[in-house]
Amino acid sequence: MKSIKELLEETSIPQPKPSGGSPPPEPERYRCSFCQDRGIIFDGEVARPCTCMNQKKLENRFRHARIARSLIQCRFEGFDIGYYDPPEHRENAQRALAAAQAFVASCLSNQYGLGLLFTGSVGSGKTFLAAAIANALTEKERQVLFLIVPDLLDELRGTYDRRGEATELDLLDTARSIPILILDDLGAHNYTEWARNRLYTIINYRLNEQLPTVITTNLSLQEMEEYLGERTTSRLVQMSRVFRLTCEQDIRLRKYQEREGKRM
Ligand SMILES: [Zn+2]
Numbered sequence: 405m406k407s408i409k410e411l412l413e414e415t416s417i418p419q420p421k422p423s424g425g426s427p428p429p430e431p432e433r434y435r436c437s438f439c440q441d442r443g444i445i446f447d448g449e450v451a452r453p454c455t456c457m458n459q460k461k462l463e464n465r466f467r468h469a470r471i472a473r474s475l476i477q478c479r480f481e482g483f484d485i486g487y488y489d490p491p492e493h494r495e496n497a498q499r500a501l502a503a504a505q506a507f508v509a510s511c512l513s514n515q516y517g518l519g520l521l522f523t524g525s526v527g528s529g530k531t532f533l534a535a536a537i538a539n540a541l542t543e544k545e546r547q548v549l550f551l552i553v554p555d556l557l558d559e560l561r562g563t564y565d566r567r568g569e570a571t572e573l574d575l576l577d578t579a580r581s582i583p584i585l586i587l588d589d590l591g592a593h594n595y596t597e598w599a600r601n602r603l604y605t606i607i608n609y610r611l612n613e614q615l616p617t618v619i620t621t622n623l624s625l626q627e628m629e630e631y632l633g634e635r636t637t638s639r640l641v642q643m644s645r646v647f648r649l650t651c652e653q654d655i656r657l658r659k660y661q662e663r664e665g666k667r668m
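No gaps in the numbering here: position 71 of the sequence shown is 475 in the numbering used here, and each next residue is one more.
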């Protein structure tokens, strides 16, 4: 079976139209050779769904969850503790990883509960853990929404400029009520008063309804109060278990150096 990443990468490339007199057109290529992309297979008179339909459903779930292509491969098994040294960093990372795995287990058994707040510097693995949570739960058919905060702010600004644009207001409604919400990179962005209020209503609703939320941020709690206001920050703390990821050097940079043979 193909990985989700492979499946997502297989976009249909339009074939050039044959002009008169040129070689005969290539036979049409199907993503699924069993059912020729019809989704059903005929056993004589009997039709049954092709197994590729399950893959399609899975892809759609990832798309609905808005999990970026680059994050779809993030799995707990791929979280490399080796990047965290000395030992105090490693202990922090192990605690955060264990908390992320426990969070997934708790979401699978109970719809309501505390969320997670991962703090730490840029490149300390916060987004990786948040994505691994989102992927694990999406695969288990839980409803997840992964929002990157700066993108969300752009969309909110768009809504503000063109009040009443249905799709973006829908996004806010979904963020409020989706069983599991991930807010990635709640950082030092330009929060307008309006956006700040929208974030507050999302957070407040989720706290009241005990809907679990996972947040990553490189802000300290003090800075968070500065950017988001005291009432939102205090609610975030109320509804989350807080874990700090620390490392000596940006892990993305280290991965880059390894990939490029330290040519910087
Ligand atoms: Zn098929």
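By construction, the Cβ of each residue, glycine as well, lies at the ideal position given by its N, Cα and C atoms.
Being a predicted model, the structure only gives us computed values, none of them experimental.
Comparing alpha-carbon positions, the option among 455, 617, 478 lying closest to residue 515 turns out to be 617. Judged by pairs of C-beta atoms under 8 Å, the stretch 500–515 does not touch the stretch 432–448, as fewer than three such pairs exist. Within the stretch 483–534, the runs of beta strand (DSSP E) that reach at least 3 residues and sit entirely inside it are, in chain order, 519–524. In this structure, DSSP gives residue 615 a state outside helix and strand, which the three-state scheme calls coil. Separation of residue 527 and residue 657 (C-alpha to C-alpha, rounded to the nearest whole angstrom) is 8 Å. By the C-beta criterion, the stretch 579–594 is judged to be in contact with the stretch 546–559, since at least 3 inter-stretch pairs fall below 8 Å.
Under DSSP, residue 451 shares a beta bridge with 446. The nearest non-hydrogen atom of ligand 1 is 7 Å or more from the C-beta of residue 446. Rounded to whole angstroms, residue 539 and residue 558 show a C-alpha spacing of 24 Å. For residue 644, there is no enclosing alpha helix (DSSP H); the enclosing beta strand (DSSP E) covers residues 644–649.
Residue 461 is classed as exposed because its beta carbon has fewer than 16 other beta carbons within 10 Å across all chains shown.
In the DSSP annotation of this structure, the continuous segment of the beta strand (DSSP E) that includes residue 584 starts and ends at 584–588.
Counting the other CB atoms within 10 Å of its CB gives residue 506 a total below 16, which places it among the exposed residues. In the structure shown, residue 476 falls within a coil segment according to DSSP collapsed to helix, strand and coil.
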